[in-house]
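Student: In full-length UniProt numbering, the protein residues as written are 1 to 968.
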């Protein structure tokens with residue numbers, strides 16, 4: 001009987017396992033959700049192109065010499081479903097230890113208001129737009145970024161600020177580069193009390209440019225040889241120092257002064273601008289942005305008006321539209337590296353637009369009084385802590401301070417460390433046995449009690465808290481007290497209720513076009529699905545509440561994730577090692593080029609500085625090469641859009657002994673797979689150079705070919721393009737670099753973490769792993785797709801581009817196609833230049849008219865002036881592809897009416913596009929076409945209303961206003 005029961009139980013268990021297995025393994029694969037085409041649409045589109053399968057199309061498009069016959073064999077778990085991923089994310093996050101960190105050094109715990117988390121950080125309407133180059137449908141983000149600039153300008157007391165940079169350390173290096181461009185002195189002075197990670201990044205930047213960096217005591221320095229000096233206020237030890245005499249002395253010696261500061265402290269203490277400094281930099285992280293093991297965080301840079309045209313990155317300005325109404329745009333765009341190339345002032349491309357908007361909304365939500373209250377609470381807690389430590393004989397040498405104490409204790413260091421472990425608390429430990437403690441807005445009475453217990457304080461801390469007399473030691477009683485006002489604009493004073501802030505966020509969101517509205521077919525930008533399940537790690541405390549400088553044993557989850565992603569990316573690219581430190585594509589370019597330069601120098605080839613760059617290359621390429629200290633030599637492109645191999649050979653012969661590298665993009669920026677790519681790589685290697693392959697077009701390679709097999713030595717990977725991190729309206733981005741084994745010793749290192757190579761120039765970013773908290777998004781994407789899914793995604797991206805190119809071919813000419821197959825890669829360029837002659841219509845007119853059809857324009861006038869570059873990605877359905885093509889075809893018919901003379905060349909629907917709801921509903925209508933044609937050119941279907949009419953760019957550049965205007 002018992003045997004029968006046991007047999008029955010085993011049988012039931014077998015069938016239950018079989019059932020569970022069926023449930024698990026029959027779940028629909030995520031690739032079906034990510035890829036927009038269904039099987040029927042895919043078959044139909046292939047048939048129209050004359051191919052039987054995706055494999056046949058891929059073999060036709062990609063040269064045989066580089067084509068992978070099978071998908072890469074990913075070393076880690078290949079493919080999982082969404083439910084399993086959600087469980088796995090929590091499991092890995094729990095492998096990290098979330099200790100309370102009081103390390104400081106520019107990173108602090110904080111509270112992001114839940115209303116902002118839900119309505120901005122987790123909202124695809126904010127996550128998925130692109131950089132607002134099409135301003136009429138980017139007014140929401142632009143207004144948010146203008147609020148950010150106003151916040152920075154007001155708190156620092158400077159004249160102008162940009163719309164964010166990557167982190168405090170790179171902001172400081174950018175600022176010192178501004179001083180060099182201003183007065184051409186090849187020496188920088190950095191105060192010894194600056195954060196160590198900042199000093200390391202500055203040394204890297206300076207070394208590449210051949211600039212000397214001196215680190216030392218400001219009071220003992222003659223500033224005559226220096227282009228700029230860098231101060232920290234409050235400094236890395238927490239001290240508040242009066243820099244007025246230093247600033248005056250520097251200015252007498254014609255040196256510019258850069259000040260790195262804590263933004264929140266400036267609500268209580270005298271602003272750097274009031275000392276007369278020239279440039280102010282810092283991080284806005286503690287304005288509601290999680291620690292995230294280092295990022296992403298919006299850094300800032302602000303300066304005096306005379307330096308405005310040297311400031312790097314993007315700047316939002318106030319202008320007007322065609323009706324004279326207030327509008328916003330990216331101003332002074334001639335500074336953009338895409339235009340200036342090797343004459344660029346910076347290579348910064350992706351900044352931190354989403355994070356800057358979060359910071360701005362945090363300030364809008366709290367208002368000036370709320371921000372001051374937060375700062376006062378932090379400062380008062382620091383006073384309480386200092387009072388108690390002084391009482392037990394600890395030497396807290398800070399006389400004036402904001403939130404950080406520098407402590408010398410009689411208690412042995414190891415005993416303090418052991419007590420910290422018991423309480424799961426991280427402090428900062430200096431080499432001289434002293435200790436640093438930085439407080440933040442999350443600190444409670446229990447935190448204070450635990451901190452004091454660590455140092456041997458046995459009394460009840462509440463006795464000190466209740467003693468109001470100790471607050472007489474507040475900074476508000478000293479010469480450092482802030483007396484100037486800030487954030488007086490109404491936007492910072494009327495949104496303190498949740499009702500108001502929710503409505504304000506929604507109003508801004510509704511002014512923008514994002515992927516929730518329609519496809520964004522931007523060539524070279526890869527605006528693909530950013531799946532909700534991939535974003536789960538952004539909300540996991542085990543990923544977001546970790547300081548970047550905690551001991552490695554506390555981040556085993558992160559380390560596991562980095563290792564798995566490193567393995568997968570190496571398999572997908574053919575490289576041997578990945579560095580995750582660069583926190584944007586441009587920083588990845590810089591890091592890769594620095595590795596090449598250091599490689600040559602280590603081999604004794606110090607004269608190898610020539611970088612060959614095709615004229616079709618991405619705009620950041622020459623800018624990054626210039627930053628890396630290279631001599632740039634352009635290489636021509638032939639009529640078919642490919643590199644002119646003969647001109648390349650001539651250049652190689654001319655600079656054979658000085659050749660450092662070539663920078664190529666594959667497939668090319670012109671949207672074709674060049675047949676000669678392996679020959680080009682071999683030519684460079686034969687002549688002693690290295691090959692840098694730009695990863696901008698990696699979405700056409702994944703699973704089909706690999707840079708490392710083609711012959712490249714190093715590439716950066718735009719995780720915010722190919723691997724699904726959202727663009728965030730202009731950032732965050734991630735640009736890790738992959739290298740062949742011989743370049744591993746030259747990968748970026750960090751002064752506070754054992755990472756990188758032993759022969760590197762130094763750190764590239766402030767944190768060891770860049771913007772670590774968004775890296776899990778790409779890890780999740782690869783886990784969900786698996787090898788076959790990734791390969792198919794690439795194949796469908798190529799299919800979609802070729803399908804659209806053919807459908808539009810009778811109306812627009814595709815400028816470049818592959819010489820062997822007559823096909824394009826994953827993107828293609830429409831040549832609209834002739835339309836200027838035939839109808840007085842240019843690419844801008846088409847871009848603006850597309851807004852009336854509900855679409856964001858393709859990439860405009862790049863890489864070829866007067867053209868449109870379209871990249872559909874793999875995530876769009878055939879319905880959406882057809883809808884966009886139909887819009888372009890309809891616009892071409894509108895242009896034909898101009899060409900045949902039935903419509904005026906100057907007074908037409910394209911020249912006045914886009915059309916706003918205000919214009920359509922106005923009682924007066926004096927346009928030579930109907931309201932219906934203006935607003936609903938393809939019938940009463942899906943509609944997106946631009947919130948402003950066509951922007952007056954000229955007015956904006958002539959009347960630069962880069963903060964919230966009290967009166968327009």
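No residue lacks a Cβ here, since even glycine has one placed at the ideal position from N, Cα and C.
1) Can you name the start and end residues of the alpha helix (DSSP H) that residue 501 belongs to?
2) Would residue 767 pass as a contact of residue 168 if the rule is Cβ separation under 8 angstroms?
3) Could you compute how far the alpha carbon of residue 67 sits from the alpha carbon of residue 668?
4) Within 10 angstroms of its Cβ, does residue 917 collect 16 or more other Cβ (buried), or is it exposed?
5) Which residue marks the beginning of the beta strand (DSSP E) containing residue 661, and which one marks its end?
6) Can you grab the Cα-Cα spacing for the pair residue 601 / residue 608, in whole Å?
7) Give me the Cα-Cα distance between residue 825 and residue 802, rounded to the nearest whole angstrom.
8) I'd like the list of long-range same chain contacts for residue 34, defined as Cβ closer than 6 angstroms, with 5 residues on each side in sequence excluded.
9) Please classify residue 144: does DSSP put it in a helix, a strand, or coil?
10) If you follow the beta strand (DSSP E) that residue 634 is in, where does it begin and where does it stop?
11) Pick helix, strand or coil for residue 403, following the three-state DSSP scheme.
12) Going straight from the alpha carbon of residue 262 to that of residue 107, what length do you get?
13) Which of the three DSSP states is assigned to residue 1013 in this structure?
14) Count Cβ pairs between the segment 252-269 and the segment 219-232 that sit closer than 8 angstroms; are there 3 or more?
15) Smallest Cα separation from residue 183: which of 228, 29, 45 and 755?
16) For residue 70, does the count of other Cβ atoms within 10 angstroms reach 16, so buried, or fall short, so exposed?
17) Determine the contact status of residue 689 and residue 662, defining contact as a CB-CB distance below 8 angstroms.
18) For the beta strand (DSSP E) containing residue 645, name the first residue and the last one.
19) Kindly indicate which residue of 266, 52, 50 and 58 has the alpha-carbon position closest to the one of residue 793.
20) Beta-carbon within less than 6 angstroms of residue 655's beta-carbon, same chain only, minus the 5 sequence neighbours each way: which residues are those?
21) Considering just the uninterrupted stretch of the beta strand (DSSP E) at residue 233, what are its terminal residues?
22) Could you have a look at residue 299 and say whether DSSP puts it in helix, strand or coil?
23) Alpha carbon to alpha carbon, what distance is there between residue 965 and residue 489?
24) For the alpha helix (DSSP H) holding residue 181, just list the boundary residues, first then last.
25) DSSP on residue 211, reduced to helix/strand/coil?
26) Would residue 306 be called buried (16 or more neighbouring beta carbons within 10 Å of its own) or exposed?
27) Using the rule of at least 16 other Cβ atoms within 10 Å of the residue's Cβ for burial, across every protein chain shown, is residue 109 buried or exposed?
28) For the structure I just gave you, are there three or more beta carbon pairs, one from the segment 729-740 and one from the segment 562-576, closer than 8 angstroms?
29) According to DSSP, what are the bridge partners of residue 481?
30) Rounded C-beta distance between residue 953 and residue 329? I'm assuming under 8 angstroms.
31) What separation, rounded to the nearest whole angstrom, lies between the Cα atoms of residue 416 and residue 365?
32) Curious, which full-length alpha helix (DSSP H) runs of at least 4 residues does the segment 535-602 contain?
33) By DSSP, does residue 830 sit in helix, in strand, or in coil?
34) Pick out whichever of 418, 244 and 665 has its Cα sitting closest to the Cα of residue 617.
35) Nearest CA to the CA of residue 157: which residue from 706, 273, 188 and 265?
36) What is the rounded straight-line gap between the Cα of residue 713 and the Cα of residue 302?
Tutor: Inspection of the coordinates gives the following:
1) First-last of the alpha helix (DSSP H) with residue 501: 498-509.
2) Result no, Cβ atoms of residue 767 and residue 168 do not sit closer than 8 angstroms.
3) Straight-line spacing of the CA atoms in residue 67 and residue 668 works out to 16 angstroms.
4) Flag for residue 917 reads exposed.
5) Counted as a single uninterrupted DSSP element, the beta strand (DSSP E) harbouring residue 661 occupies residues 659-665.
6) The straight-line gap from Cα to Cα measures roughly 8 angstroms.
7) Those two C-alpha atoms are separated by around 7 angstroms.
8) Here the set comprises 529.
9) Assignment of residue 144 by DSSP, reduced to helix, strand and coil, places it in the helix class.
10) Counting along the chain, the beta strand (DSSP E) containing residue 634 begins and ends at 631-635.
11) Correct three-state label for residue 403: coil.
12) Rounded to whole angstroms, residue 262 and residue 107 show a C-alpha spacing of 10 angstroms.
13) Given a span of 1 to 968 for the chain in the structure shown, any question on residue 1013 remains unanswerable.
14) The answer is yes - the segment 219-232 touches the segment 252-269, with three or more Cβ pairs under 8 angstroms.
15) Taking only the C-alpha atoms, the option nearest residue 183 is 228.
16) By the neighbour-count criterion, in which a residue is buried when 16 or more other Cβ atoms sit within 10 angstroms of its Cβ, residue 70 is exposed.
17) A Cβ-Cβ contact shorter than 8 angstroms links residue 689 with residue 662.
18) In the DSSP assignment, residue 645 falls outside any beta strand (DSSP E) and within the unbroken alpha helix (DSSP H) covering 645-654.
19) In terms of CA proximity to residue 793, 58 leads the group 266, 52, 50 and 58.
20) Cβ within range, chain order: 610.
21) Residues 228-233.
22) If DSSP states are grouped into helix, strand and coil, residue 299 belongs with the strands.
23) Residue 489 and residue 965: Cα-Cα distance of roughly 8 angstroms.
24) Segment 168-183, the alpha helix (DSSP H) holding residue 181.
25) Residue 211 carries a coil assignment under DSSP once its states are collapsed to helix, strand and coil.
26) Residue 306 comes out exposed.
27) Buried.
28) Cβ pair count under 8 angstroms is three or more, so yes.
29) Answer is 269.
30) With 8 angstroms as the limit, residue 953 and residue 329 qualify as a contact, their Cβ atoms being about 6 angstroms apart.
31) Rounded to whole angstroms, the separation of the alpha carbons of residue 365 and residue 416 is 39 angstroms.
32) Counting only runs of at least 4 residues, the segment 535-602 fully encloses the following alpha helix (DSSP H) elements, listed from N- to C-terminal order: 541-544, 556-573 and 585-602.
33) Per DSSP, reduced to three states, the secondary structure at residue 830 is strand.
34) Closest in C-alpha terms to residue 617, from the list 418, 244 and 665, comes 665.
35) Looking only at 706, 273, 188 and 265, the smallest Cα-Cα distance to residue 157 is reached by 273.
36) Using only the alpha carbons, I get a separation of about 37 angstroms.
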